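Line by line, the protein sequences are chains A and B.
Going by the numbering used here, the first sequence opens with residue 235, and the numbers climb by one from there.
Going by the numbering used here, the second sequence opens with residue 39, and the numbers climb by one from there.
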Amino acid sequence: MIVPWLQGFLSWSKAPLTWALIFVNLFIFLLTYQTDNWESARTFTRNTQLEMTGHLYQQFLGQQDTSDPKQLMVLGMQALRNPEFLKKAKDFSFKGDQVAISQWKIELTEFYDSLDTRVSRIFGLSFDQNSPLTWITYQFMHAGVIHLLSNMLLLLIFAAALEQKVGGLAILIVYLISGIGGGLGFFTLGQNSVAPMIGASGSLSGVMAFYALYEKKKRVSFFYFLSPFEGYFGWMYLPTWMIYPLCFLSDLAAYLSTSPELGTGVAYTAHLGGAAFGIVLASFLILWERNHGALYSPKRSEAP
Amino acid sequence: MVLGDLEFQKVARPIRTAPVAERFLAFFFDVVLFTPIFTLLLSQLFKKIELRYYTSPDSIEFLILGLMALLGVGVLTVLFQTAFIYFLQGTPGKLVFKMRVVDYSTGKAPTVGAAFLRSTLWVIEFCFLAVPFLEVISQKQRRMLHDRASDTVVTTLKDVTDGGPHPLESHFVRNVIVIFVSLFCLWGALFASKVYLAAIRGDFKKQELENDQYLCSVISDAANPNYTRLDLAIALFVAQEIPEDCLLSEADFAFWTNNETELGWAYLAKGFYFKFDKEKSSVYLNKVCDIAENSSACDITQIILGDKELDKNSTAGMTLTGQVLHLRDILSHGQYLSFLKESRSLTEIRGFHDFIQQETVKALWGSSQKEQAQGAYLNSIPHLEATHQIDMASWMCLEEIEKNCAVKEYASCNDLKLRLKKNSMTGLTTDSVLALVKEKDCRKDVGFSLLFFHEFFQDNPLVRELVGAISSDSDWSTERRLKVLRQLSFSTEASRSVRHRAQLALAEMSHENEDVKKILSYLEQSDRKDWFWKKMSNKLVEVSQKNKWDQLANKAQSIQSGRLPASLHQDKE
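Right under this line is the structure:
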């Protein structure tokens, strides 16, 4: 077991904005959480329906490459993420079993219409449907409990440590602007898809990248525990800049090695975009502080 | 130790051996650092592997890509480790934790050869699930095989000393390695023999053939240039020679390849496939003539929908589907002699063998040619498919037992028991269960107990009810039996076979003429006058005469003579 251990993150008074951000995320999650397994999706993601969708998608693309059921299912999954296909399919003239195709079109329309009722589509960021507000709201929504907890844990560790250095307002700015950067990364590097992006990962990546550059001379302490015998547990200290290869290099590698046909549940592009903006903001602050002095001085507690 | 210490000289100067925990942390650090780097370098390969994993995990391509990825990671590990050890005396993890790899004899930086050997052996040890790494816990100077082979040691720059292994640690690790090596060898031997046996049996080739089949092999085997593929598929389906999934895949294939000549047949096939969903079936059947007007498929559809009569000499009648429908039609009207004559043309076409053989036996039995039927049964049963063998043996056994319980044994009943035992009692059907139950009732000393059918009864509760009502083994009262039989005889939920057997049993058991009246009424309204209809009507005449219900007996005789088509009289003569 190896756990990062930054100072002060358990204290409310030392990182009030970080805790506030966490509570806002939690509150919004409780208000908006919806399972991915709604009825229309269940109908459409049955194997037989996916195969059929794959066949029709091939016709839509003008291809006729495969009859293999598994490959057709992969194509089917791809089709269900393609907004152009979902919009045009109901009026497209497909060849084949017309009885089954007309039933499929009815179910597709139901599926597509039901998508627009999903909270993640309304408040998340997607290629075919996004408003200025969604660039902010998507940062506070999460797909599940694990998604939320993992993001919030890392946010607590890094943002709390950073807040004591740069203050709450700076944290908020970094969070929001990195989130916007994450959105830009998603649109620039990602695939055109109806699947919306939600989550604080882009914002969090920005906070982590900001921390890694702003506190590059610091070392991050990790507590390790291999066994209860002496010599097998203790503290180790790693340079902060190691966050880059450990986190962002992984994101880049995962992004490059993920097949676009299959898609992925993780928006690595948002991580990369957020990190890039975090680095830019940190660079800006470092330069500014060189000329104007420290941006933020924490309050000292008065002696009794 | 499993392998003896490879060092050939003792070194006098003290060595500050790096602590085990820090070596582990350094290893963990290197894994976390190099994983994304290797993934980046091999990203295109991993992309292909991921896609293949979802689309064809059993393919050779996936296996080769996987092996290439493993090889790539192995090679990169060796190269990176060699470079880091030679130039910097340690991997990044070791450097971070202030450890260095030095030559054991001289204490200096290792040579490039030593670094390469160390790295290569490291990778090989890792391939054995890293179990050889356990030596770091037990060996005196914490030198694993790759350290001893390359004459290196990992030291620390910190002012700490490693106390060396506890005796228990050495003992534990030695035993673990011995167990692991033994298990690995055993697993290797088992795996090799399994692969060898599979190859001898031809399993790999069969798997390959099955994997490549998008269509039914049965249809491909029976393909005939005089008939379209879907005509053949539908005909085989009607003859119960192929399962419904086969028909569906053939129809879908015709749709997706947009085969214009077979589109009408494809809709007809789907009409048959959805036969239990009347609404859906009629949608497909109505589509046939829209798509393929004036075609044989359209004619067949009109015949099925009752808009046309089947003329066996028409174009539609000469299709395979038309021929099979005609044969089924004459069988359902009890025209057995006509069936025997007209089915000869179908015996020449592959795929219909079992259908013709089975129906021939039933036709001979139904036209009172019992000995010929038994002879035909004995000739045909060895050549039928396994499931058809059980069906045929069940039918024959049931008919022979019901005809004459006194015979010591019947070949068909022995056949049935043998084939069921061979299949470990799988493939049970209603008729096979009833046949075995009846045999046990006839001859108390042989046959299966009802417990054998426990699983079958769980899936077929109505059959359980029927068996409970007719079997002498069950402890039901007569009232209960009659009540159940009355329910099953006219139940729409029960299968045809269950209904008919219940009616037969009710006719035999009941002393009330109301029951016979109801069954008579049922027979009158039935439009299928097959061998079972005839058997039932004979039974009603017999029962009515025995109970001196003259009016009912006369009525039973009149429906036999009055309502039958003329050809059946010819059969009786």
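Virtual Cβ for every residue (Gly too), placed ideally from N, Cα, C.
Here the structure is a predicted model, which means the values were calculated and not measured.
Distances from the CA of G404(B) to each of E438(B), V169(B), L167(B), L422(B) were compared; the closest alpha carbon is that of E438(B). Annotation for S455(A): the continuous beta strand (DSSP E) segment containing it runs 453–459. Restricted to the stretch 299–370 of chain A, the alpha helix (DSSP H) segments that are unbroken, complete and at least 4 residues in length are 303–315, 317–322, 332–349, 353–357, listed in chain order. Look at the stretch 54–82 of chain B: the residues with a C-beta under 9 angstroms from a C-beta of chain A are P57, V58, A59, E60, F62, L63, F66, F67, V70, L71, T73, P74, I75, F76, T77, L78, L79, L80, S81, Q82.
Every beta strand (DSSP E) stretch that sits fully inside the stretch 119–200 of chain B and reaches 3 residues is listed by chain position as 137–141, 190–194. Taken in chain order, the whole alpha helix (DSSP H) runs of length 4 or more contained in the stretch 58–106 of chain B are 58–79, 81–93. Per DSSP, the unbroken beta strand (DSSP E) holding W469(A) starts and ends at 467–473. When secondary structure is reduced to three states using DSSP, T398(B) falls in the helix class.
For V522(B), same chain residues with a beta-carbon under 6 angstroms away, outside a window of 5 residues either side, are E503, A507 in chain order. For P430(A), no alpha helix (DSSP H) encloses it, and the DSSP letter there is neither H nor E.
Taking C-beta separations shorter than 7 angstroms and ignoring five residues to either side along the sequence, the partners of S450(B) in its chain run Y415, A431, M434, C435, E438, following chain order. Not a single C-beta of chain A is nearer than 8 angstroms to the C-beta of T129(B). Setting aside the 5 residues that flank it on each side, Q127(B) is surrounded in the same chain by R138, V139, A147, each with a C-beta closer than 6 angstroms to its C-beta; the list follows chain order. DSSP places L375(B) in the uninterrupted alpha helix (DSSP H) bounded by 374–380.
In terms of Cβ geometry, A509(A) and S435(A) do not form a close pair [threshold 8 angstroms]. Rounded to the nearest whole angstrom, the CA to CA distance from A501(A) to F421(A) is 11 angstroms. Minimum Cα-Cα distance from L359(A) among the listed residues W369(A), Y267(A), R352(A) corresponds to W369(A). For P250(A), the enclosing alpha helix (DSSP H) covers residues 250–266.
Beyond the five residues adjoining it in sequence on each side, K350(B) comes within less than 6 angstroms, by CB distance, of H364 in the same chain, given in chain order. A direct Cα-Cα distance of roughly 10 angstroms separates G507(A) from I513(A).
With a cutoff of 8 angstroms on beta-carbon distance, V475(B) and V333(A) are scored as not near each other. Taking a C-beta cut-off of 9 angstroms against chain A, the contacting residues of the stretch 93–116 of chain B are T93, S94, P95, listed in chain order. For G512(A), the nearest beta carbon of chain B is not closer than 8 angstroms to its own beta carbon. Between the alpha carbons of V192(B) and S94(B) lies a distance of about 45 angstroms. Using a 10 angstroms sphere on the CB of G309(B), the tally of other CB atoms reaches 16 or more, which defines it as buried. Contact check for S376(B) and I394(B): beta-carbon distance about 14 angstroms, past the 8 angstroms limit, so the pair fails to qualify. Leaving aside the five residues that flank T398(B) on each side, the residues in its chain whose CB is nearer than 6 angstroms to its CB run, in chain order, A414. The beta carbon of I53(B) is closer than 7 angstroms to those of Q179, V191, T193 in its chain, skipping five residues each way along the sequence. The beta-carbon distance between F294(A) and F326(A), rounded to whole angstroms, is 6 angstroms. This is short enough to meet the 8 angstroms contact definition. When rounded, the separation of the alpha-carbon atoms in F314(B) and R280(A) is 22 angstroms.
Annotated as proximal: Y458(A) and L63(B), with beta-carbon spacing under 8 angstroms. Contact between A153(B) and Y124(B) holds, since their C-beta atoms are separated by about 4 angstroms, short of 8 angstroms. Taking 8 angstroms as the CB threshold, K85(B) lines the interface with chain A. In this structure, the alpha-carbon of L320(A) lies about 8 angstroms from that of L342(A). Taken through DSSP and simplified to helix, strand or coil, T279(A) comes out as coil.
A distance below 8 angstroms separates the beta carbons of L578(B) and A545(B).
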